[in-house]
Amino acid sequence: MKSRIWLSLAHMGGREQEFIQEAFDTNWVVPLGPNVNAFEEFLQEFLTGDKKKDKRVVALSAGTAALHLGLILLGVGEGDEVICQSFTFSASANPIAYQGATPVFVDSEGDTWNMDPELLEMAIKDRLEKTGRLPKAIIPVHLYGMPGRMDEIMEVANRYGIPVLEDSAEALGSEYKGRKCGTFGEFAALSFNGNKMITTSGGGALVCPCEERAKRALFYATQAREQAPHYQHEKIGYNYRMSNICAGIGRGQMFVLEEHVARRREIHDLYVRLLDRVTGVKVMCQPEGGDFNSNYWLTCITVEPEVAGFTREDVRLALDADNIESRPLWKPMHLQPVFKDAPFYGNGTSERLFEIGLCLPSGPTLTDEDVERVTKVVKQLSNFRF
């Protein structure tokens, strides 16, 4: 059997073990310590380019925890509404429900696949008319590493006075108009799951606007323990802090982050070149003009069955038969049974993309030969002569 090609495997750069060993040698194995502090500082400097910038980063157990704490710090609670991108993973929306709030889903635009600013404003106006209240927050997502149109999204949000919680779980290293994704909203969530740009085996971080807000996030992330010699609790807290062991992995991963971003972009460009002449198959690319600089966390294709003569599912099954992992695009949240009663403002974009879209192997350990093997399967389906 041919060797397995995975969708997106973690890649260790070599220094991770050094920091993990340091944690064991010094007995710092709990959810605090030098690795946690250093990892947070590395991330802050990477995002802002300056350790002295106002943004502060709090390392947490998961990206979902970051989104949840972001909503708490924005005051989202029972009976509130939160606008969320529909075309995303469920972790973007689930924390809204944790807070007893209702998600209001907004569809995507066709070129970035991210939140449509026009539909965003339509949703805000309609919710205000229907409920007499503005949504409490907005969660746009940089899907598959592609930056959203944050200037337009922020303009709408600021005009109505609604804070933005940016879901940058897939977009570490991506930029919009020269600015790192994760620095536009009042808060932003990062993810270090095993398949992300860098990993801590599992983990995430909340990007906060200032030191005061970061301290508040840390308070909730450590069981909301009050300042007292005994265990005093006046708020509901959570066990969301990242361990010093996991942070050691992340600290080591920061040394190869730029390398990982560069390699994923190379892989994307190779897919573009190799699939260029395959009829009915299109590689998702960033809009032209220089505003967008995607990390291409996952390279995605769309398959127009009427043109190609085969479907996205045909491609997925053919790849699987060749021992290659691929994955359909996210099923939109407004189509998920758990959110069937949530309001939705759409244009059909995400539904169509779910039907025709597929994520291809994109991890930094992929060789050019691996990419060629993937594209060979697609070409064989189309009877492409090569």
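Take the sequence shown: its position 57, counted from the start at 1, is 64 in the working numbering, and no numbers get skipped. We treat Cβ as the ideally placed atom computed from N, Cα and C, and that holds for glycine. Note that this is a predicted model, so its numbers are computed, not measured.
Only counting the same chain, and skipping five residues up and downstream in sequence, which positions put a Cβ closer than 7 Å to that of Ile27? So the list reads Ile252, Gly255 and Ile256, once near-sequence residues are dropped.
Contacting residues, own chain, Cβ-Cβ under 7 Å from Arg392 (five flanking each side not counted): Since pLDDT at Arg392 reaches only 45, below the 50 mark, its modelled position is unreliable, and no value is offered.
Do you know how far the Cα of Arg323 is from the Cα of Glu48? Their backbone Cα atoms lie some 41 Å apart in a straight line.
Round the Cβ separation of Glu193 and Leu225 to the nearest angstrom and send it over; I've been treating them as touching at under 8 Å. Here Glu193 is actually not in contact with Leu225; their C-beta atoms are around 17 Å apart, not less than 8 Å.
Inter-residue spacing [alpha-carbon to alpha-carbon] between Tyr151 and Ala196: The straight-line gap from Cα to Cα measures roughly 14 Å.
Contact the stretch 101–116 vs the stretch 268–277: 3+ CB pairs below 8 Å: By the Cβ rule, the stretch 101–116 does not count as touching the stretch 268–277, because fewer than three pairs are nearer than 8 Å.
Hey, Lys62 and Pro312: beta-carbon distance below 8 Å or not? Cβ distance not < 8 Å, so Lys62 and Pro312 don't count as in contact.
Any idea what DSSP makes of Asp61, helix, strand or coil? It is coil, neither helix nor strand.
Assuming Asp174 is part of the alpha helix (DSSP H), what are its boundary residues? DSSP places Asp174 outside any alpha helix (DSSP H); the residue lies instead in the beta strand (DSSP E), whose first and last residues are Leu172 to Asp174.
Just to confirm before moving on: does the CB-CB distance between Ser68 and Met340 stay below 8 Å? Contact flag unset, no.
Uninterrupted alpha helix (DSSP H) stretches inside the stretch 117–153 (no shorter than 4 residues): Entirely contained in the stretch 117–153, the alpha helix (DSSP H) runs reaching 4 residues are, in chain order, 124–138.
Going by DSSP, which residues form a beta bridge with Pro5? This structure cannot speak to residue 5, because the chain is shown only from 8 to 393.
Is His240 helix, strand or coil by DSSP? If DSSP states are grouped into helix, strand and coil, His240 belongs with the strands.
Which of the three DSSP states, helix, strand or coil, is assigned to Thr309? Collapsing the DSSP output to three states places Thr309 in a strand.
Please classify His240 as buried or exposed, where buried requires at least 16 other C-beta atoms within 10 Å of its C-beta. His240 counts as exposed, since fewer than 16 other C-beta atoms from the protein chains shown sit within 10 angstroms of its C-beta.
Let me know the beta strand (DSSP E) ranges lying completely inside the stretch 321–393, each 3 residues or longer, listed in chain order. Fully enclosed beta strand (DSSP E) runs of 3 or longer: 364–367.
Nearest-angstrom Cα separation, counted from Thr71 out to Gly211: C-alpha of Gly211 to C-alpha of Thr71: approximately 8 Å in a straight line.
For Glu218, is the classification buried or exposed, using 16 other Cβ atoms within 10 angstroms of its Cβ as the cut-off for buried? Flag for Glu218 reads exposed.
Buried or exposed for His237, going by 16 or more other Cβ atoms inside 10 Å? Flag for His237 reads exposed.
Just reading off the beta strand (DSSP E) that Gly255 is part of, what are its end residues? Where Gly255 is concerned, there is no enclosing beta strand (DSSP E), although the alpha helix (DSSP H) it sits in stretches over Asn251 to Gln260.
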